[in-house]
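First the structure, in the form of structure tokens, and then the observations on it.
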DNA sequence: GGTAACGTTCGACGGGTGTCAAAGTATTTG
DNA sequence: CAAATACTTTGACACCCGTCGAACGTTACC
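Residue numbers (our numbering), protein chains in the order written: chain A, 1 to 111; chain B, 1 to 111.
Listed below in structure tokens is the structure:
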């Protein structure tokens, strides 16, 4: 039985909280990895390669979820995370794209 | 002679720093007040109404400038601030609009 | 049931942040 | 020059945050 971990409702999403959640290297990396391809993600797979201890990763996932950026369900002994695209787009249109889009190199289209 | 206060170059703008700068109630309020109408702004006028001491306001303006969000010039004994629209749009397209746009009420266009 | 796998919680530590009061620096004005 | 104006800087305070090691649940597997 997949359990849903608690998360804020769409209406109670707070921009300051969301920005604060995104303003961290580890969390931004996690979000970008997920944003790169839509759908559900295995917690551990997304976090793979990030050089930080397991408790810290767990902490960051919690911050993301409590900010309303992600939704987490428990499936067996692994966690599955998804970005709350719809809710975020409804409340803050364009925000995810602006923040999580791969950084362009500013070069004025060389070829 | 209007002096330019030091600020990061366009190339050295850092998203994490920018998000952190925006993730504060006072600074977000300042940015929104400026974003509401384009152009140059008197520091004191923008900050008017914000219930916080002068040193704190000064601190927040500095954080915004050092993050690369604003440009400040000294004119006589007052400061003039502008949002660095061009630089920010070049590096992080859509970010300002997504963050500073007036919050919509989520209501699905009632009339 | 026992054990391993996966993730969380707890407590602690170091460093950063928002705030203010007091003192300091320019700049304009009398 | 002296006084007033507009910000800034400094120092201090309380608080929050990212990180880790250690201990704790759960779930899967033999």
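For glycine and all other residues, C-beta sits at the position ideal for the given N, C-alpha and C.
{"Item": "N-terminal and C-terminal residue of the beta strand (DSSP E) that residue 115(A) is part of", "Value": "Summary: the structure shown does not reach residue 115(A), with chain A confined to residues 1 through 111, and so no result is reported for it."}
{"Item": "Where the alpha helix (DSSP H) containing residue 18(B) begins and where it ends", "Value": "15–22"}
{"Item": "Members of the stretch 17–29 of chain B that neighbour chain A once the beta carbon cut-off is set at 9 Å", "Value": "17, 18, 19, 20, 21, 22, 23, 24, 25, 28"}
{"Item": "Euclidean distance between Cα positions of residue 62(A) and residue 76(B)", "Value": "49 Å"}
{"Item": "Enclosing alpha helix (DSSP H) for residue 57(A) [first to last residue]", "Value": "54–67"}
{"Item": "Burial state of residue 37(B) (16 or more Cβ within 10 Å)", "Value": "exposed"}
{"Item": "Residue 48(A) vs residue 78(A) beta-carbon contact at 8 Å", "Value": "no"}
{"Item": "Helix, strand or coil at residue 42(B) [DSSP, three-state]", "Value": "strand"}
{"Item": "Rounded distance between the beta-carbons of residue 70(B) and residue 82(B), thought under 8 Å", "Value": "7 Å"}
{"Item": "Min CB distance residue 99(A) to chain B below 8 Å", "Value": "yes"}
{"Item": "Top-ranked residue by Cα proximity to residue 12(B), from 65(B), 99(B), 33(B), 39(B)", "Value": "65(B)"}
{"Item": "Span separating the alpha-carbon of residue 50(A) from that of residue 26(B)", "Value": "33 Å"}
{"Item": "Spatial neighbours of residue 31(B) in its chain, beta-carbon cut-off 6 Å, leaving aside the 5 residues before and after", "Value": "100"}
{"Item": "Within-8 Å CB hit, residue 102(A) to chain B", "Value": "no"}
{"Item": "Limits of the unbroken alpha helix (DSSP H) element including residue 32(A)", "Value": "25–36"}
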